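Residue numbers (the working numbering): 456 to 698.
For each residue, glycine too, the CB sits at the ideal point set by N, CA and C.
Source: prediction; values computed, not measured.
Just below is one structure, and these are the notes that go with it.
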Amino acid sequence: MARLCAAGLIASLVHVATAQTTLQGNDCTAAGVYTLCQNLWGANTGVGSQTTTLISTNGDSASWSTTYQWSQSPDNVKSYPNLYHNTAKGMQLQDIVTAPTNWQWFYKSADSDLRADVSYDLWTGVPQAGDPASAASSYEIMIWLSQRGGVGGIGNVVAQNLRVGGHTWTLKHGPNSNWDVFSFITAEGDITDFRADLADFFQYLVDQQGVAKTQFVQAIQVGTEPFTGAAELVTTNFSVDIS
456 MARLCAAGLI
466 ASLVHVATAQ
476 TTLQGNDCTA
486 AGVYTLCQNL
496 WGANTGVGSQ
506 TTTLISTNGD
516 SASWSTTYQW
526 SQSPDNVKSY
536 PNLYHNTAKG
546 MQLQDIVTAP
556 TNWQWFYKSA
566 DSDLRADVSY
576 DLWTGVPQAG
586 DPASAASSYE
596 IMIWLSQRGG
606 VGGIGNVVAQ
616 NLRVGGHTWT
626 LKHGPNSNWD
636 VFSFITAEGD
646 ITDFRADLAD
656 FFQYLVDQQG
666 VAKTQFVQAI
676 QVGTEPFTGA
686 AELVTTNFSV
696 DIS
């Protein structure tokens with residue numbers, strides 16, 4: 456889904472991060488090799504509040520939390536509080552040997568009727584560099600580790616019981632603005648300890664879904680998309696690399 460807080464905007468919003476830095480409003484902060492953003496791109500479709508707190512960084516690892524409460528327009532995403540890797544990008548899919556990632560997270564609290572996902576948002580395009588959700592975007596590749604309240608990805612189901620990266624998914628595909636969206640949606644319930652190689656997902660899309668191997672990775676983001684409800688989501692550890 457569209458992300459309006461792109462890399463160009465990040466540059467004007469970044470602050471120097473210290474432990475327990477809490478973001479208010481549509482703000483971002485430096486987080487080691489990452490940038491942490493509130494990204495309130497859909498907030499005007501509802502009523503609510505959100506804060507995101509950087510807990511710590513250590514090398515290519517980071518931890519953070521997001522607390523939110525949103526109501527109205529239950530089918531609209533209100534935000535995408537996310538961590539964005541500053542340098543893990545710029546390679547063509549055909550040249551990626553490995554892209555290992557770890558993500559350990561949990562809901563410290565969550566409404567029983569929460570509508571939200573927890574997801575990777577990977578962006579590729581024809582030019583080597585480009586902001587997420589921009590004219591430079593060709594594909595948005597989402598990996599949903601959680602799906603609550605019946606929310607679903609864009610488009611139609613194109614594969615079921617799909618085994619990629621050590622887990623089982625339902626794959627949806629459809630258009631959004633000027634790019635296509637592929638959503639790998641967990642078929643296992645919440646995957647709170649995710650350890651995989653993103654190269655496996657890229658290779659599957661090249662081999663089975665017609666994505667050109669010459670596409671460049673333009674951005675790797677991870678976070679949550681709240682629709683409605685209240686929750687506190689905590690990431691105890693996240694890391695990603697690409698080579």
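Look at the alpha carbon of residue i and the alpha carbon of residue j, and state the distance between them as a whole number of angstroms.
i, j, result
"Asn481", "Asp635", "26 angstroms"
"Ala694", "Gln547", "According to the sequence as given, residue 694 is Ser; it is not Ala. Computed Cα separation, rounded: 20 angstroms."
"Gly487", "Leu688", "20 angstroms"
"Asn541", "Tyr489", "5 angstroms"
"Tyr523", "Pro536", "10 angstroms"
"Glu680", "Gln602", "10 angstroms"
"Gln505", "Gln549", "39 angstroms"
"Trp599", "Leu577", "11 angstroms"
"Phe649", "Leu617", "16 angstroms"
"Gly514", "Leu491", "15 angstroms"
"Ser520", "Asp586", "24 angstroms"
"Leu495", "Pro630", "22 angstroms"
"Phe561", "Ile510", "14 angstroms"
"Ser516", "Val666", "30 angstroms"
"Asp696", "Asp662", "22 angstroms"
Classify residue i as helix, strand or coil using the three-state DSSP reduction.
i, result
"Val661", "helix"
"Asn541", "coil"
"Leu653", "helix"
"Gln475", "coil"
"Thr522", "strand"
"Gln549", "helix"
"Ala498", "helix"
"Pro582", "coil"
"Val672", "strand"
"Val532", "coil"
"Ser567", "coil"
"Gln527", "coil"
"Ser467", "For Ser467, the predicted model reports a pLDDT of 36, less than 50, meaning its position is unreliable; a value from the coordinates is still stated below. It is helical."
"Ala667", "coil"
"Ile510", "strand"
Going by beta carbon distance, what residues of the same chain come within less than 7 angstroms of residue i, once the five residues before and after it are set aside?
i, result
"Ser528", "Thr500, Gly501"
"Ala498", "Lys533, Ser534"
"Ser698", "Val552, Thr553"
"Gly580", "Ala591, Ser592, Ser593, Gln670, Phe671, Gln673"
Who are the near neighbours of residue i in its chain, counting only those whose CB is closer than 6 angstroms to its CB and skipping five residues on each side?
i, result
"Thr683", "Trp525, Ser526, Pro529, Arg570"
"Lys627", "Gly608, Gly610, Val612, Ser638"
"Ala642", "Thr623, Trp624, Thr625"
"Asp645", "Ser601"
"Gln676", "Asn537, Tyr539, Asp576"
"Gly678", "Tyr535, Pro536, Asn537"
Please determine, among the options, the residue with the shortest C-alpha to C-alpha distance to residue i.
i, options, result
"Gln583", "Ile598, Asp648, Gly545", "Gly545"
"Gln479", "Thr625, Ala685, Thr507", "Thr507"
"Gln559", "Ala565, Ser567, Ser518, Asp576", "Ser518"
"Ser589", "Asp515, Gly678, Ile596, Ser632", "Ser632"
"Gln664", "Asp652, Ile596, Asp696", "Ile596"
"Ala685", "Ala543, Ser567, Thr477", "Ser567"
"Thr647", "Thr484, Asn557, Val661, Ala543", "Asn557"
"Thr691", "Cys483, Gln493, Lys563", "Lys563"
Look up residue i in the DSSP assignment and give the residues it is bridged to.
i, result
"Val488", "Looking at the DSSP assignment, Val488 forms no beta bridge with any residue, so it has no partner."
"Ala590", "Note: Ala590 sits in no beta bridge, so no partner."
"Ile596", "Leu577, Phe637"
"Glu680", "Asp572"
"Trp624", "Leu617, Thr641"
"Asn557", "Arg650, Ser694"
"Gly629", "Val636"
"Val689", "Ser520, Phe561"
"Val606", "Answer is none; Val606 lacks a bridge partner."
Answer yes or no: does any C-beta atom of chain B fall closer than 9 angstroms to that of residue i?
i, result
"Ser564", "Of the chains in the structure shown, none is chain B; there is only one protein chain."
Got a sec? Which residues, its chain only, sit under 8 angstroms from residue i by beta carbon, not counting five neighbours each side?
i, result
"Gln615", "Thr625, Leu626, Ala642"
"Gly605", "Arg570"
"Gln475", "Thr508, Leu509, Ile510"
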